[in-house]
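Beneath this line is the structure, given in structure tokens, with notes to follow.
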Amino acid sequence: MNRQDLKTIIYAEKKKDETNKYKHKICVCCGAGCISSGSEEVMKKLQEEIKTRGLDNEVEVIPTGCMGPCNQGPLMKFLPEYNMYQKVDCSNIHAIVQSQLVDKKPIEDLLLFADSREKPFLDARDDPFYKKQMKIALKNCGHINPEKIEDYLVHNGYQALDKVLFEMNPEDVIAEVKQSRIRGRGGAGYPTGLKWETVYKYVNDQKYVICNGDEGDPGAFMDRSVLEGNPHRVLEGMAIAGYAIGANKGYAYIRGEYPLAIKRFELAIKQAKKIGLLGNNILGTNFSFDVEVRIGAGAFVCGEETALIASIEGKRGTPRPRPPFPAESGLWGKPTLINNVETYAAISPIINNGGEWYSEIGTPKSSGTKVFALAGKINYAGLIEVPMGTTLREIVYDIGGGIQNGEEFKAAQTGGPSGGCIPAEHLDVKMDYESLVSLGSIMGSGGLIIMDKSSDMVDVARFFMEFCMDESCGKCVPCRVGTRMMHDLLQKICDGKATQIDLDRLEELAVYVKETSLCGLGGSAPNPLLSTLRHFREEYEGRIKQHELSELH
Amino acid sequence: MKSGIAVPEKELPKTDPRVKLIAAKLKKENYKADALIEILHTAQNAYGYLPMEVLKYISSALKLPPSRVYSTVTFYHFFSLKSKGEHTCLVCTGTACYVKGAQAILNEIERSLGLKAGQVSADEKLGVQVARCIGACGLAPAVVLDDEVQAKVKPEEIVHKINVKMGVL
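Protein sequence lines correspond, in order, to chains A and B. When the letters of the first sequence are read in order and numbered with the numbering used here, they come out as residues 22 to 574. When the letters of the second sequence are read in order and numbered with the numbering used here, they come out as residues 26 to 194.
Structural data, given as structure tokens:
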């Protein structure tokens, strides 16, 4: 297929979309969360109801990716009105269809957040949950059928790839990404443009692009939702990266625990290949790019780039010392670019709208938006995307609806097992890379767990240390032995049997493990401990004092 | 790792449909050693776990030492050398589920059914596992019963749900 053919297809699809007979579109959320709450059955019942009423010529029902407020699922929205229904059950389908399509008015009691707001918003976009959000990576998620490439094409899909292949050379693409100032969304926040430029500069007949979909942080499901809800967006980002750095092969490494994401991404690859947007001589140019999926097998350490590479090579996922970095010598010793799913998802908007546009969103040092997975003791849990620099308070109260059961906020955990806790006194912290680091945490991949007073912060530290201990690959002593020792000491503190000496030893160990581990897993394993010691020291010392007192008697 | 694990003598029957699935996958991946993990996934999906005979078959097809295959299998949490049970109950112990009470669910399973995480019942009908996060944090606490995710599970209802799944109720 050449450029003109693509234009013809897109034009035809857009024409079909405009002149289609459908007066209404009903989107049913088929992200993994809503599917688990029964949205597939709801969709089937809805389709039956539409057919029974003879409305299937007027109404189109489509499955979409994640719509956002996951704990209110199954979710369903009627377009063009934008009336969104929550907790939809097969038993209320009949009434909803009757009201929306025949009586032409929504059933307010069943609308989104009707059970918690004074009055639900008829147009869901006006709800505070959505109003403060800005969708870039998640732009089409919840609007398009992720299993149809035509839907993606109609929504400007693959336009960025087209632009890049015909109007830009690799250096131009890298300059645009650099201008956007986008930083890697996997957690480390390394400048993406700089990374691309580094790989580009290495001369080799074979280079690779890898998409890191090994979202191992417990409490994170951003990448999952993007892969399930808009896989073509990620594929397009990978292809653009391949063009920019000079690679003709890509691998998407996706966790084994995400079967739906794997299925949808593999389908997207097949569809793109069939239509000629992937594979040899894309759009009639010299650029060829192929992508293969590699499935993870339950090892958190494989999120680390050198361990991930070892896993793609079919080996035990153990990291190796760097330098050399993957940019110079990665997969099978070749120059390799590794970026996170969310980073690739932001590439086509950057190309379409310009790097300058992206750089003006967010804060001076952290541009663009970030997807967060909001969970824990929050009223509205789910997926959100906000400009960098949005405060934690805005996220918890304006978007998340505050703490469940009217309880008080105690802490927000960011960055998973590599991160830390933000206490209530810092609720006004701006969510950007530097601000979180200054408080002893990190941005991480985007998991944001909200805790109330029922959370014991020493046990939280122990929970994360247990995780790191289990997931340690075992290669280096500081991590293999250190995480175990720190965990045992934390358990001792939790059990009320520790003394001040134990606490001193724990703090000493934390420094050793942090400074001498081979990779980021060990290097950041002490973070939750150090963070809770910094902000909740009284919970540790209280237990020690209590033990010492009890020993005296 | 225990020393002296014997490579089994028995060969797999080529007519077994599960063997055919693995053979097809091996062919699709061109017998490349780096496709080992993909092939192990296919094998575990077919058998429910990874018997030693299957590992021997794979190692010889890929021309890899059996020890190399064994070391890869034992590294990744996903792969199991033992049967996981006819029915599986997987409790998510990710951060969101932990905050919402996953431990209480595990305690209840241990109390009522006598099974801890990683154990299979004596009649091999039920296996209990934990996963560090299945990415369904909006539905915390989450439990996966045989491939179906159960949302917002309460400890007092988990045993009932398990029994329904197993057809005991």
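Backbone N, C-alpha and C fix where the C-beta goes; we use that ideal spot for every residue, glycine too.
Among the residues of chain B, those whose CB is under 7 Å from the CB of A/Lys336 are Thr97, following chain order.
For the segment 159 to 171 of chain B, the beta-carbon criterion of a distance under 8 Å to any beta-carbon of chain A is satisfied by Ile159, Gly160, Ala161, Cys162, Gly163, Leu164, Ala165, Ala167. In this structure A/Trp353 is exposed. Its beta-carbon is surrounded by fewer than 16 other beta-carbon atoms within 10 angstroms.
For B/Cys117, the beta-bridge partners assigned by DSSP are B/Ala156.
Relative to B/Lys53, the option among B/Ala147, B/Ile30, B/Leu87, B/Cys114 whose CA is nearest is B/Leu87. The Cβ atoms of A/Val63 and A/Val109 lie closer than 9 Å to each other. Contact annotation: A/Pro149 and A/Ile420 have beta-carbon atoms nearer than 9 Å. Between A/Phe310 and A/Val198, the CB-CB gap reaches or exceeds 9 Å. For A/Arg315, the secondary structure class from DSSP, reduced to helix, strand or coil, is strand.
Distance between A/Gln200 and A/Tyr401, taken at the CA atoms: about 35 Å. Two segments are said to touch when three or more pairs of C-beta atoms, one from each, lie closer than 8 Å; by this definition the segment 309 to 325 of chain A touches the segment 94 to 107 of chain B. From the beta-carbon of A/Pro239, the residues of chain B found nearer than 7 Å are Gly119, Thr120, Arg157, Cys158.
Distance from the CA atom of A/Cys515 to the CA atom of A/Asn548, rounded to whole angstroms, is 18 Å. Chain-ordered listing is empty here: chain B has no CB closer than 9 Å to the CB of A/Gly544, the nearest sitting near 19 Å. When 7 Å is used as the limit between beta carbons, A/Lys391 is near no residue of chain B, the shortest such separation being about 16 Å. The beta carbon of B/Ile130 does not come within 9 Å of any beta carbon belonging to chain A, so the residue lies off that interface. A/Asn23 carries a coil assignment under DSSP once its states are collapsed to helix, strand and coil. The closest CA to that of A/Ser466, considering only A/Met478, A/Leu527, A/Leu395, is found on A/Leu395. Taking 9 Å as the threshold, the shortest C-beta distance from A/Asp136 to chain B does not fall below it.
Between B/Lys57 and chain A, the shortest Cβ-Cβ separation is below 9 Å.
Two segments are said to touch when three or more pairs of C-beta atoms, one from each, lie closer than 8 Å; by this definition the segment 536 to 547 of chain A touches the segment 488 to 497 of chain A.
According to DSSP, residue pairing for A/Asn373 in a beta bridge does not occur. Only those residues of the segment 274 to 288 of chain A whose C-beta falls short of 7 Å from the nearest C-beta of chain B are listed: Gly277, Glu278, Tyr279. The C-alpha of A/Gly240 lies about 8 Å from the C-alpha of B/Cys122.
Beta bridge pairing from DSSP links A/Leu524 with no other residue. Counting along the chain, the unbroken beta strand (DSSP E) around B/Glu173 starts and ends at 173 to 175.
For the segment 88 to 118 of chain A, the continuous beta strand (DSSP E) assignments of 3+ residues that do not extend past its boundaries occur at 97 to 100, 104 to 106, in sequence order. Interface residue (Cβ-Cβ distance to chain A less than 9 Å): B/His102 is classified as such. Measuring C-alpha to C-alpha distances from A/Leu404 to each of B/Ile187, B/Ala161, B/Met191 identifies B/Ala161 as the nearest. Between the segment 385 to 393 of chain A and the segment 446 to 461 of chain A there are three or more C-beta pairs closer than 8 Å, enough to call the two in contact.
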